[in-house]
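Taken in sequence, the protein lines are chains A, B, C and D.
Each residue of the first sequence is one higher than the last, beginning at 15 in my numbering.
Each residue of the second sequence is one higher than the last, beginning at 15 in my numbering.
Each residue of the third sequence is one higher than the last, beginning at 407 in my numbering.
Each residue of the fourth sequence is one higher than the last, beginning at 407 in my numbering.
No residue lacks a Cβ here, since even glycine has one placed at the ideal position from N, Cα and C.
All of these numbers come straight from a predicted model, not from anything done at the bench.
Presented below is the structure to which this report refers.
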Amino acid sequence: MIDMTVKIPGLELKNPIMPASGCFGFGKEYAQLYDLSQLGAIMIKATTVETRLGNPTPRVAETSSGMLNAIGLQNPGLESVSNSELPWLEQFDVPIIANVAGTTTEDYVEVAREISKATNVHALEINISCPNVKKGGITFGTDPAVARELTRAVKEVSSVPVYIKLSPNVTDIVSIAKAVEEGGADGITMINTLLGMRLDPKTGRPVIANITGGLSGPAIKPVALRMVYEVSKQTQLPIIGMGGVTDVDDVIDFLSAGASAVAVGTANFVNPFVCPEIIGKLPERLHELGYDSIQELIGRSHRL
Amino acid sequence: MIDMTVKIPGLELKNPIMPASGCFGFGKEYAQLYDLSQLGAIMIKATTVETRLGNPTPRVAETSSGMLNAIGLQNPGLESVSNSELPWLEQFDVPIIANVAGTTTEDYVEVAREISKATNVHALEINISCPNVKKGGITFGTDPAVARELTRAVKEVSSVPVYIKLSPNVTDIVSIAKAVEEGGADGITMINTLLGMRLDPKTGRPVIANITGGLSGPAIKPVALRMVYEVSKQTQLPIIGMGGVTDVDDVIDFLSAGASAVAVGTANFVNPFVCPEIIGKLPERLHELGYDSIQELIGRSHRL
Amino acid sequence: MIKQERMKVVDQQSIAKHIFELTVEGSLVDEMAEPGQFVHVRVADSFEPLLRRPISIASIDKESKRFTMIYRAEGRGTQILADKRAGDEIDVLGPLGHGFPVEQAEKKAFLIGGGIGVPPLYELAKQLNSRGIETVHILGFESKQAIFYEEKFKALGDTHIATVDGSHGTEGFVTHILNELPHDFDTYFSCGPTAMLEAVQWAYPQKRGFLSYEQRMGCGIGACFACVCRTTKSETDYIKVCSDGPVFPAGVVIS
Amino acid sequence: MIKQERMKVVDQQSIAKHIFELTVEGSLVDEMAEPGQFVHVRVADSFEPLLRRPISIASIDKESKRFTMIYRAEGRGTQILADKRAGDEIDVLGPLGHGFPVEQAEKKAFLIGGGIGVPPLYELAKQLNSRGIETVHILGFESKQAIFYEEKFKALGDTHIATVDGSHGTEGFVTHILNELPHDFDTYFSCGPTAMLEAVQWAYPQKRGFLSYEQRMGCGIGACFACVCRTTKSETDYIKVCSDGPVFPAGVVIS
Ligand SMILES: Cc1cc2nc3c(=O)[nH]c(=O)nc-3n(C[C@H](O)[C@H](O)[C@H](O)COP(=O)(O)OP(=O)(O)OC[C@H]3O[C@@H](n4cnc5c(N)ncnc54)[C@H](O)[C@@H]3O)c2cc1C
Ligand SMILES: Cc1cc2nc3c(=O)[nH]c(=O)nc-3n(C[C@H](O)[C@H](O)[C@H](O)COP(=O)(O)OP(=O)(O)OC[C@H]3O[C@@H](n4cnc5c(N)ncnc54)[C@H](O)[C@@H]3O)c2cc1C
Ligand SMILES: Cc1cc2nc3c(=O)[nH]c(=O)nc-3n(C[C@H](O)[C@H](O)[C@H](O)COP(=O)(O)O)c2cc1C
Ligand SMILES: Cc1cc2nc3c(=O)[nH]c(=O)nc-3n(C[C@H](O)[C@H](O)[C@H](O)COP(=O)(O)O)c2cc1C
Ligand code: FES
Ligand code: FES
């Protein structure tokens, strides 16, 4: 028997696979397709204090082996998430990681305090890295001192462990990771999207109404993997890795590079069954590689 | 008649298309395939003071719509480039942009001083952004003050205009661009590769001997385009844009975003005739779009 | 129920300039019901192109477990789709969204379509006719070469064609035809470019109408918030074209 | 001269486990001369996979303007290649590099190959034979299922097979066979995994030998410095496998 479980702060995962925030809504749509209890966890869409309408459309554009999005943190707001989305998810035997976003430290603190009280929220993912909001968001993720203080503030109020979601749009991701470690973070999730742009060659106009958007999908996997490798080498924090995962070997790569669990984002749009399919294939792949547990594989690239 | 010419400091280009540094050697190989005089310019492989052997192999790895490389600035050294490569290139009616690399400011200064004396070198491209050298290189490109001082030092000794090649692996590329503008740069070339990594899922080992490498090709085009757009909006310097260009519409995109000319890197490996093919298609594509000259198209995305 | 299936290509025909008719077979067809629903098609096993393409269901044949899509091969994805041949397989996710409410029509319906908005109106016309509803088809195309299914629509009811360049039927837009026709219908159904949908709503402010909208999509099933539109209901209300639509009653969507 | 051509697939056969024989036709064949040269194949028009794949020329038929490649379909690119059928086109760049110097053999040559290093030895054997040189073939494979071209080599000269699992011929590596054979040849030619090339050079320190090397490639024509190896000549000397090789005299390349 292959041991698929992973234990990281707040989370006892039956397997290391979870959908990434923003690519799975609040689970309702995918629940039509398969039993969500199969998942290791679910990272729900970013929640802000107030209802957010997000950016104008078009909000997505395709690129080579990737896509751009500028959804802009559209979500029904803290109250509705707490009173309706989270209770609905209780029917499934799956821990929820609540993605928290905001414009000011107070926003983050308020959402974190409230949402961490929900019984099925086992961890928070603090989104200091969304490239698609004009204020706040992006600077929190690019300045180590600011990131550290935000982490502290959120840690103070959260009833569950706090993971900080890092932005790849920085010169030195390790310095941000170390800063949030100092700030008391329980873990790191990475990476969010790379800031990119697509133009319509006919008109010269940006395809995305917001002009720029966040690049995700297989195109960014090499960058994500490199960053996970660097951060796992230089901090002690557990990492939930993501960026371009589409199949079981991508998961193997992220675990090897040092991630303790792996999130799948864009690939859900291409194959809505991708998460359960990967979960199904993982034990056999581990066996082929000669491993008995996920635990053994984590960080093996550093031990070669 | 469509006016394909572009005039930027030091360079009177018959068309805006040129092979990117490191993807075209010193021209000899491609000269077997077509007449290099067709090209707008040639960016030759990075030249350092001494002969460099570069990194161990494997030095390249394929990724989704991209590739990683860690050549590590292998080149025959200043003397050999000056005495043999550059004179050989004189048989072609094409301006050379010499790519200059080094580990210390003194290295850069020495190469810049000497190589800028060659009659066919019309501009320098200062590679402050190569992710594949262990010392020097990378920090020059990530700290605005250091980049400014290096620019100054090189400007002082160069006999031809100086373009600085920016790294995309930074939090704020505009701040670097502004710094080199202050330092007296005549232009900017961008972007160099994104730092990435690939693992072999069977073994967990990095595929590239150097562990990490630079990501290039269509995968990075959205990031490149976004950065060119930002920098062209916030500085006055002419830009030679690059990153993932494979066809004529990619060129249209970079020009629209604000580049004055466009370099083609990785695509040369996929289709060695890509540069002359794009040059052949450009006039008709401009005509279709209703433009009479390259000049009119440059920066149109900012004027919408 | 939404299914994902590798469906078998039965037939692919070029039926007008850049327009292809693609028929596929599989048990996913059992799930199809409303005209105006769509499928989300993965055109290649590669991740280049990455995203699925939303294509309307143009006609359904439950017995043979086949359905037909009609699409314009223009961009990268649809061009790859156009290369598929009988015997190939394509990955189809569907049926998606909510289609035209056929039960809302009483006696006579106007079906107003433009370009690649025309295909879903064909299954709609078939279903309305089989319910005894008279259908009038007002269809707009770029030019004569771009017209498809004219005869098929004629077989189901009065059919009026407009072409932008005047090379066939009325010169101009469908609204030019609408201006000439008596308002003797109870319900209209429309699919086409947003500007056309606007014009149609403007033309019949008093009529019951249903319009099918387009938006760029990510997931196609309601999870990613790519395809939202605001509504007339309130400042903060919005719909998702993929899962709440693509068909909405007139007067609801701010496009 | 190096050419880039969309060549026509004439035939594709599965000839052993995961091993395919692909024959293509086009005027690029006119440029082919030396056995041991290779071509750089673009397996799809898409940029996914991005890079070309280097594949050796396994046999040349100048008259019909055809040549044959033999390859293992293992990774993403070669698997796509394996789907090509007669009538399809593939984009071939070649011929590339410098091959085996057939004129160096005097009377009798050993041709020593392992796995997917075996294919170029076939054209080599043909050319040596037509020059009146006797060839002995020592070929190593994983297992019986992986063996190809045994009969074809036998038709040209003495042929010895080793398999790692012993399921056919000698159990073990080609070196096990070499140990048993008299050193009655003047020249050897070898292509296969680096470890095998090392072992072969070790076995015949006094003989004239030529070895074909493998490296990951970018451009395939000498411009990108991806495929370099250092040499025994000096601390700073290096060669490029793609354009200086892939074939080098024994004792030159540090691998
Ligand atoms: C609900 C719905 C039903 C549709 N039904 C049909 C139909 O029956 N027949 C038909 O020909 N077309 C239909 N379309 C439009 C069709 O989806 C686009 O023409 C197609 O996605 C373009 O893909 P491409 O590969 O040609 O273009 P590309 O330029 O390669 O597309 C790039 C990206 O943009 C998206 N995109 C481009 N144009 C559109 C568009 N107009 N609407 C939505 N996304 C777009 C693509 O899906 C892809 O993600 C429908 C669209 C929607 C939303
Ligand atoms: C000069 C030369 C001649 C060759 N001749 C043959 C031949 O006749 N028959 C044959 O089966 N193989 C041959 N090979 C090896 C062949 O190039 C690789 O097996 C093939 O590139 C693997 O591609 P893939 O799509 O299966 O693997 P992937 O894993 O998808 O390849 C990913 C990348 O790595 C490169 N790569 C992977 N393995 C190798 C390798 N062993 N050598 C070089 N690059 C590699 C690929 O070219 C590609 O760029 C030759 C290699 C060289 C250098
Ligand atoms: C449409 C879309 C919406 C996203 N929304 C969020 C979000 O609300 N919060 C967040 O932290 N990340 C968000 N992300 C980022 C993903 O969670 C993930 O970090 C990123 O897409 C990289 O993973 P991938 O390549 O597997 O998609 C979003 C990504 C996409 C594509
Ligand atoms: C194999 C390889 C070698 C490179 N060598 C250099 C170099 O020597 N100097 C430099 O400034 N950039 C070098 N680059 C970066 C390219 O010039 C270019 O900036 C980058 O590849 C992005 O463009 P592309 O996507 O078109 O390849 C190299 C890129 C590749 C792929
Ligand atoms: S396309 Fe994802 S919500 Fe509509
Ligand atoms: S592959 Fe580019 S130099 Fe050999």
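Cβ distance (whole Å) where His543/C is taken to contact Leu499/C below 8 angstroms: Not quite, the Cβ-Cβ distance comes to about 29 angstroms (not below 8 angstroms), so this is no contact.
Cross-chain neighbours of Asp306/B in chain A, by beta carbon under 8 angstroms: Residues of chain A passing the Cβ test: none, with the nearest at roughly 16 angstroms.
Distance between Cys625/C and Val430/C (C-alpha atoms, nearest Å): 22 angstroms
Separation of Arg459/D from Gln248/B, as counted between CA atoms: Taking the straight line from one Cα to the other gives about 42 angstroms.
9 angstroms Cβ cut-off: residues of chain B touching Arg162/A: Under the 9 angstroms cutoff, chain B gives no residues; its nearest Cβ is about 16 angstroms from Arg162/A.
Chain C residues whose Cβ lies nearer than 7 angstroms to that of Glu454/D: Ser452, Phe453, Glu454
Inter-residue spacing [alpha-carbon to alpha-carbon] between Lys235/A and Gly257/A: 5 angstroms
Ligand 3 heavy atom lying under 7 angstroms from the CB of Asn285/A: no
Any non-hydrogen atom of ligand 4 closer than 7 angstroms to Met475/D Cβ: Outside the cutoff, so no.
Gly493/D CB to nearest heavy atom of ligand 4 below 7 angstroms: no
For Ser462/D and Ala488/D, the rounded distance between their alpha carbons: Here the C-alpha atom of Ala488/D lies approximately 16 angstroms from the C-alpha atom of Ser462/D.
With 16 other Cβ atoms within 10 Å as the buried cut-off, status of Ala552/D: buried
Chain A contacts from the region 603-634 of chain C (Cβ-Cβ distance under 8 angstroms): Gln621, Arg622, Met623, Gly624, Cys625, Gly626, Ile627, Gly628, Ala629, Cys630, Phe631, Ala632, Cys633, Val634
Rounded separation between Ala126/B and Gly201/B - CA only: 15 angstroms
CB contact below 8 angstroms: Leu47/A versus chain C: yes
Buried or exposed by the 16-neighbour rule on C-beta atoms within 10 Å, applied to Pro70/B: exposed
Burial state of Thr118/A (16 or more Cβ within 10 Å): exposed
For Leu502/D, the residue or residues it bridges with in DSSP: Phe444/D
Selected residue, minimal CA-CA separation from Gly228/A, among Ala632/C, Pro611/C, Tyr644/C: Ala632/C
Proximal residues to Leu545/C (C-beta, below 6 angstroms), its chain only, five neighbours per side dropped: Gly519, Val524, Ile567
DSSP-derived helix/strand/coil call for Gln250/A: coil
Own chain, CB closer than 7 angstroms to Gly231/A, minus 5 neighbours either side, in chain order: Within the same chain, Gly231/A has close Cβ partners Ser79, Gly80, Met81, Gly258, Thr280.
Heavy atom of ligand 2 within 7 angstroms of Met623/D beta-carbon: yes
Within 8 angstroms, strictly: CB atoms of Glu139/A and Ala167/A: For the pair Glu139/A and Ala167/A, the CB atoms are not nearer than the 8 angstroms cut-off.
Any C-beta of chain D under 8 angstroms from that of Phe154/B: Interface annotation, Phe154/B: not in contact with chain D, CB-CB separation never under 8 angstroms.
Strand pairing of His566/C, partner residues [DSSP]: Bridge partners of His566/C: Ile544/C.
First and last residue of the uninterrupted beta strand (DSSP E) at Glu427/C: Here the beta strand (DSSP E) through Glu427/C covers 425-431.
Of the listed residues Ile645/C, Tyr528/C, Asp592/C, nearest to Leu562/C (C-alpha basis): Distance check between Leu562/C and each of Ile645/C, Tyr528/C, Asp592/C places Tyr528/C closest, using alpha-carbon atoms only.
Ile85/B Cβ short of 7 angstroms to ligand 7 heavy atom set: The ligand content of the structure shown is limited to ligand 1, ligand 2, ligand 3, ligand 4, ligand 5 and ligand 6, which means ligand 7 is not among them.
Sequence-distant residues of its chain with Cβ nearer than 8 angstroms to Val63/A (five each side left out): Gly91, Leu92, Gly116, Asp121, Glu124, Val125
Per DSSP, the bridge partner or partners of Gly255/A: Met204/A, Val276/A
Under 8 angstroms between C-beta atoms of Ala191/B and Val245/B: yes
Pair within 8 angstroms by beta-carbon distance, Ser400/D and Cys597/D: For residue 400/D there is no data in the structure shown, the boundaries of chain D being 407 and 661.
Any C-beta of chain C under 8 angstroms from that of Tyr44/A: yes
Every unbroken beta strand (DSSP E) within the region 117-167 of chain A, with a cutoff of 3 residues, ordered by chain: Runs of the beta strand (DSSP E) inside the region 117-167 of chain A: 135-141.
Contact check, Ser270/A vs Leu213/B, beta carbons under 8 angstroms: yes
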